[in-house]
Amino acid sequence: MREILAQNIADNTTFYETEYKKESYIWGINPNHSCFRVMELIPPTKPLKLLDVGCGEGKDAVFFARCGYDVTAFDIAEAGLEKTKRLADKARVHVRTFRSNLLDFRLDEKYDIIYCSGVLHYIKPELRNEIMENYKSNVNSGGIVAMNVFVEKPFIAPPPENEAHHSYLWKSGSLLTYFHDWYVESFKEYVYDCNSSGVSHKHALNVLFARNYDHNTKRTDLNALQRSHQP
Ligand SMILES: C[S@@+](CC[C@H](N)C(=O)[O-])C[C@H]1O[C@@H](n2cnc3c(N)ncnc32)[C@H](O)[C@@H]1O
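The sequence shown lines up with residues 29 to 259 when you count with our numbering.
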């Protein structure tokens, strides 16, 4: 079991290491739409700590740093982290980076925002509970998670072999269930066309924004929530 896991991680790492060594940014340098939603939900009007899990080449991490968030980002691919640093230097901002495997790494410090795009399908299903609980318990009161995950749908063909990279599609809706005790700002499902591997295909994606209103939440925050969300 351990050997299979190690092999899967090695394949995955090799793929991204190779791709990220190319000069061009394979995911581009413009931020994902979700970054703007984060800005709306929790604007950086005071110092806010943000963690980008699986930052890739850093387009989103650098965007957040440019907007004034205090950004930490990690990925398993060293070449991606180097590109992240280069992009940050170019924008004259700082992004704290470190290399880590999300399957082993557990948070021991809290963030105001945990952001994770296009990565959670690399978590083996049997590790999901532990990792999601670790992330949840390390978001400050009033903070948010912004996460998306590829999901399986009977009407969508599995991704082409060269895009699967030992990934594990989630069941539609299951990301939401991890946040049943948080305030769900929004949860949506999208189907979109993709041609990243040169073979035209579709993906289904669940996109979640949830806020940690826990027992430390101030009454004034809850009153404001009631006023702004009258049905
Ligand atoms: C589809 S890319 C998304 C990159 C970035 N979040 C973005 O949206 O541009 C998936 C990323 O997950 C990273 N990754 C895959 N397996 C990982 C693991 N076990 N630990 C940490 N990062 C991993 C890859 O290196 C890659 O950068």
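Positions of the beta carbon are idealized from the N, C-alpha and C atoms, including for glycine.
Of all Cβ atoms in chain D, is any one closer than 7 Å to the Cβ of F215?
Although the question refers to chain D, the structure presented lacks it and comprises just one protein chain.
Would you report the Cα separation of P182 and H229, rounded to the nearest angstrom?
14 Å
For the stretch 217-228 against the stretch 157-175, are there 3 or more C-beta pairs whose distance is under 8 Å?
no
Determine which residues share a DSSP beta bridge with K230 and list them.
D221
Segment contact, 8 Å Cβ cut-off, at least three pairs: the stretch 196-214 with the stretch 119-134:
no
Whole angstroms are fine: how far does the CA of N168 sit from the CA of V179?
Taking the straight line joining both Cα atoms gives about 28 Å.
Y48 to Y97 span [Cα, whole Å]
25 Å
Would you kindly report the start and end of the unbroken beta strand (DSSP E) that includes I141?
From DSSP, the beta strand (DSSP E) with I141 extends over 139-144.
Is there contact between the stretch 111-125 and the stretch 149-158, where contact requires at least three CB pairs shorter than 8 Å?
no
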